[in-house]
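J.: Below: one structure in C-alpha coordinates.
In the working numbering, the protein residues as written are 30 to 202.
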(Lines of atoms letter the chains of each structure in order from A and count residues from 1; the text may use other names and numbers.)
(Lines give C-alpha, C1' and ligand atoms only; values in the text may rest on other atoms or scores of the structure.)
Protein backbone atom coordinates (compact mmCIF):
# COMPACT_ATOMS: atom_id res chain seq x y z
CA UNK A 1 0.00 0.00 0.00
CA UNK A 2 1.39 3.40 -0.98
CA UNK A 3 2.00 6.15 1.56
CA UNK A 4 -0.85 8.49 0.45
CA UNK A 5 -3.34 5.64 0.90
CA UNK A 6 -1.97 4.87 4.35
CA UNK A 7 -2.15 8.55 5.33
CA UNK A 8 -5.72 8.91 4.06
CA UNK A 9 -6.96 6.05 6.27
CA UNK A 10 -5.65 7.53 9.54
CA UNK A 11 -8.23 8.31 12.22
CA UNK A 12 -5.86 8.20 15.21
CA UNK A 13 -2.31 9.50 15.47
CA UNK A 14 -0.33 8.02 18.36
CA UNK A 15 2.94 9.56 19.45
CA UNK A 16 5.88 8.68 21.62
CA UNK A 17 7.02 11.70 23.65
CA UNK A 18 10.75 11.88 24.42
CA UNK A 19 12.55 12.15 21.09
CA UNK A 20 9.33 12.80 19.15
CA UNK A 21 7.50 15.67 20.87
CA UNK A 22 10.78 16.71 22.48
CA UNK A 23 14.36 16.55 21.27
CA UNK A 24 14.97 13.74 23.73
CA UNK A 25 16.59 15.89 26.40
CA UNK A 26 15.49 15.29 29.97
CA UNK A 27 16.14 18.38 32.08
CA UNK A 28 16.02 18.48 35.87
CA UNK A 29 16.08 21.68 37.88
CA UNK A 30 17.94 22.07 41.20
CA UNK A 31 14.95 20.64 43.08
CA UNK A 32 14.85 17.53 40.87
CA UNK A 33 11.78 18.65 38.96
CA UNK A 34 11.71 17.48 35.36
CA UNK A 35 11.02 19.99 32.61
CA UNK A 36 10.46 19.47 28.89
CA UNK A 37 10.59 21.77 25.88
CA UNK A 38 7.78 21.31 23.35
CA UNK A 39 7.60 22.79 19.86
CA UNK A 40 4.77 25.28 19.28
CA UNK A 41 4.48 24.25 15.62
CA UNK A 42 3.90 20.64 16.67
CA UNK A 43 1.17 21.91 19.00
CA UNK A 44 -0.61 23.81 16.24
CA UNK A 45 -0.37 20.81 13.94
CA UNK A 46 -1.96 18.59 16.58
CA UNK A 47 -4.76 21.09 17.18
CA UNK A 48 -5.45 21.33 13.43
CA UNK A 49 -5.57 17.55 13.19
CA UNK A 50 -7.96 17.28 16.12
CA UNK A 51 -10.12 20.06 14.65
CA UNK A 52 -10.35 17.92 11.49
CA UNK A 53 -11.73 15.03 13.58
CA UNK A 54 -8.55 12.98 13.84
CA UNK A 55 -7.81 11.85 17.38
CA UNK A 56 -4.36 12.08 18.98
CA UNK A 57 -2.92 9.97 21.76
CA UNK A 58 0.42 9.70 23.51
CA UNK A 59 2.04 6.44 24.61
CA UNK A 60 5.24 6.91 26.55
CA UNK A 61 7.39 5.01 28.98
CA UNK A 62 8.06 8.04 31.14
CA UNK A 63 5.68 10.07 33.26
CA UNK A 64 5.99 13.80 33.88
CA UNK A 65 3.87 16.66 35.08
CA UNK A 66 5.18 18.82 32.22
CA UNK A 67 3.67 16.37 29.74
CA UNK A 68 0.35 16.32 31.58
CA UNK A 69 0.24 20.14 31.44
CA UNK A 70 0.99 20.06 27.70
CA UNK A 71 -1.80 17.55 27.09
CA UNK A 72 -4.30 19.67 29.04
CA UNK A 73 -3.19 22.75 27.09
CA UNK A 74 -3.76 21.01 23.75
CA UNK A 75 -6.93 19.17 24.75
CA UNK A 76 -5.37 15.71 24.43
CA UNK A 77 -7.13 13.31 26.76
CA UNK A 78 -5.63 10.05 25.48
CA UNK A 79 -2.38 10.02 27.50
CA UNK A 80 -0.84 6.73 28.49
CA UNK A 81 2.32 7.49 30.45
CA UNK A 82 4.57 5.25 32.50
CA UNK A 83 3.83 2.47 29.99
CA UNK A 84 6.13 -0.55 30.13
CA UNK A 85 4.44 -2.55 27.36
CA UNK A 86 3.53 -0.29 24.42
CA UNK A 87 2.03 -3.18 22.43
CA UNK A 88 -0.42 -3.86 25.26
CA UNK A 89 -1.25 -0.14 25.46
CA UNK A 90 -2.00 -0.15 21.72
CA UNK A 91 -4.26 -3.20 22.12
CA UNK A 92 -6.18 -1.33 24.82
CA UNK A 93 -6.54 1.73 22.55
CA UNK A 94 -7.78 -0.43 19.68
CA UNK A 95 -10.28 -2.13 21.97
CA UNK A 96 -11.49 1.19 23.40
CA UNK A 97 -11.83 2.91 20.01
CA UNK A 98 -12.82 0.02 17.76
CA UNK A 99 -10.24 1.22 15.23
CA UNK A 100 -8.28 -1.18 13.05
CA UNK A 101 -4.52 -1.07 12.66
CA UNK A 102 -4.88 0.55 9.22
CA UNK A 103 -6.63 3.53 10.85
CA UNK A 104 -3.79 4.15 13.31
CA UNK A 105 -0.41 5.83 12.79
CA UNK A 106 2.42 5.89 15.32
CA UNK A 107 5.45 8.18 15.43
CA UNK A 108 8.49 6.83 17.25
CA UNK A 109 12.21 7.35 17.62
CA UNK A 110 13.84 4.56 19.63
CA UNK A 111 13.88 0.82 20.26
CA UNK A 112 10.97 0.69 22.77
CA UNK A 113 8.76 1.97 19.92
CA UNK A 114 9.38 -1.01 17.63
CA UNK A 115 6.71 -3.21 19.25
CA UNK A 116 3.95 -0.69 18.67
CA UNK A 117 5.23 0.24 15.21
CA UNK A 118 4.97 -3.40 14.15
CA UNK A 119 1.25 -3.33 14.99
CA UNK A 120 -0.05 -0.17 13.29
CA UNK A 121 -0.96 0.61 9.69
CA UNK A 122 1.32 3.62 9.33
CA UNK A 123 4.75 3.51 10.96
CA UNK A 124 6.55 6.86 11.14
CA UNK A 125 10.05 7.65 12.39
CA UNK A 126 11.47 11.09 13.11
CA UNK A 127 14.58 11.89 11.06
CA UNK A 128 16.95 11.42 14.00
CA UNK A 129 15.41 8.12 15.12
CA UNK A 130 17.47 5.01 15.79
CA UNK A 131 18.40 3.25 12.51
CA UNK A 132 16.23 0.22 13.38
CA UNK A 133 13.20 2.48 13.82
CA UNK A 134 13.87 4.28 10.54
CA UNK A 135 14.25 0.91 8.80
CA UNK A 136 10.80 -0.22 9.99
CA UNK A 137 9.07 3.04 9.07
CA UNK A 138 6.81 3.64 6.09
CA UNK A 139 7.63 7.34 6.44
CA UNK A 140 10.63 9.17 7.89
CA UNK A 141 10.20 12.86 8.62
CA UNK A 142 12.64 15.39 7.27
CA UNK A 143 12.57 17.14 10.63
CA UNK A 144 14.08 15.76 13.87
CA UNK A 145 12.04 15.03 16.98
CA UNK A 146 11.08 18.07 19.03
CA UNK A 147 11.79 20.39 16.09
CA UNK A 148 8.55 20.14 14.10
CA UNK A 149 8.48 16.47 13.08
CA UNK A 150 4.98 16.01 14.47
CA UNK A 151 3.77 19.08 12.56
CA UNK A 152 5.19 17.54 9.39
CA UNK A 153 3.19 14.35 10.06
CA UNK A 154 -0.01 16.29 10.85
CA UNK A 155 0.28 18.27 7.62
CA UNK A 156 0.89 15.10 5.59
CA UNK A 157 -2.27 13.50 7.02
CA UNK A 158 -4.32 16.64 6.39
CA UNK A 159 -2.95 16.95 2.84
CA UNK A 160 -3.77 13.31 2.08
CA UNK A 161 -7.38 13.94 3.12
CA UNK A 162 -7.62 17.07 0.95
CA UNK A 163 -7.99 19.36 3.97
CA UNK A 164 -4.70 21.27 4.08
CA UNK A 165 -5.37 23.94 1.43
CA UNK A 166 -8.69 24.84 3.09
CA UNK A 167 -6.91 25.22 6.44
CA UNK A 168 -4.29 27.54 4.92
CA UNK A 169 -7.01 29.58 3.19
CA UNK A 170 -9.01 29.85 6.42
CA UNK A 171 -5.93 30.98 8.36
CA UNK A 172 -5.27 33.75 5.81
CA UNK A 173 -8.73 35.28 6.22
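Even glycine gets a Cβ: it sits at the ideal position worked out from N, Cα and C.
When DSSP builds the beta bridges, which residues end up paired with residue 86?
T.: The count along the chain shown starts at 1 and reaches residue 86 at position 57. 43 and 107, per the DSSP bridge assignment.
J.: With a threshold of 16 other CB atoms inside 10 Å of the CB of residue 202, please say whether the residue is buried or exposed.
T.: To locate residue 202, count along the chain shown from 1; it is residue 173. Label assigned to residue 202: exposed.
J.: With a threshold of 6 Å on Cβ separation, who are the neighbours of residue 36 within its own chain once the five nearest residues in sequence on each side are excluded?
T.: To locate residue 36, count along the chain shown from 1; it is residue 7. So the qualifying residues of the chain are 185, 186 and 189.
J.: Assuming residue 103 contacts residue 75 under a Cβ cut-off of 8 Å, what Cβ separation, rounded to an integer in Å, is found between them?
T.: Taking the first residue of the chain shown as position 1, residue 103 is located at position 74. Taking the first residue of the chain shown as position 1, residue 75 is located at position 46. Yes, residue 103 and residue 75 are in contact; Cβ-Cβ is about 6 Å, under 8 Å.
J.: Could you tell me whether the Cβ atoms of residue 88 and residue 79 are closer together than 8 Å?
T.: To locate residue 88, count along the chain shown from 1; it is residue 59. To locate residue 79, count along the chain shown from 1; it is residue 50. Not closer than 8 Å, so no.
J.: For my contact list, residue 66 and residue 175 are in at a C-beta cut-off of 8 Å; report their separation, rounded to the angstrom.
T.: Within the chain shown, the letter at position 37 stands for residue 66. Within the chain shown, the letter at position 146 stands for residue 175. That belief holds up - the Cβ atoms of residue 66 and residue 175 are roughly 7 Å apart, short of 8 Å.
J.: On a Cα-Cα basis, can you pick out the residue from 49, 56, 40 and 30 that is closest to residue 153?
T.: Numbered from its first residue, the chain shown carries residue 153 at position 124. Taking only the C-alpha atoms, the option nearest residue 153 is 49.
J.: How would you label residue 20, buried or exposed, when you count the other beta carbons within 10 angstroms and need 16 or more for buried?
T.: Nothing can be reported for residue 20: it is not among the residues displayed for the chain, which extend from 30 to 202.
J.: Beta strand (DSSP E) containing residue 151: first to last residue?
T.: Position 122 of the chain shown, counted from the start, is the residue given in the question as residue 151. Start and end: 151-154.
J.: Going by CA-CA distance only, name the one from 59, 151, 73 and 92 that's closest to residue 38.
T.: Sequence index remark: in the chain shown, residue 38 carries index 9 (1-based). Comparing Cα positions, the closest option is 151.
J.: When we look at the beta-carbon of residue 182 and count the other beta-carbons within 10 Å, is it buried (16 or more) or exposed?
T.: Along the chain shown, read from residue 1 onward, the residue named residue 182 stands at position 153. Under this definition residue 182 is a buried residue.
J.: Could you give the distance in angstroms between the alpha-carbon of residue 157 and the alpha-carbon of residue 111?
T.: Numbered from its first residue, the chain shown carries residue 157 at position 128. Numbered from its first residue, the chain shown carries residue 111 at position 82. In a straight line, the C-alpha of residue 157 is about 23 Å away from that of residue 111.
J.: Helix, strand or coil: which one does DSSP assign to residue 49?
T.: On the chain shown, position 20 is the one that residue 49 refers to. It is coil, neither helix nor strand.
J.: Tell me the start and end of each unbroken beta strand (DSSP E) in the segment 119-201 that is at least 3 residues and wholly inside, in chain order.
T.: Counting only runs of 3 or more, we get 133-137 and 151-154.
J.: Within the same chain, show all residues whose beta-carbon is closer than 6 Å to that of residue 105, passing over the 5 residues directly before and after it, in chain order.
T.: Within the chain shown, numbered from 1, the residue matching residue 105 stands at position 76. Excluding residues within five positions, the ones whose Cβ falls inside 6 Å are 85.
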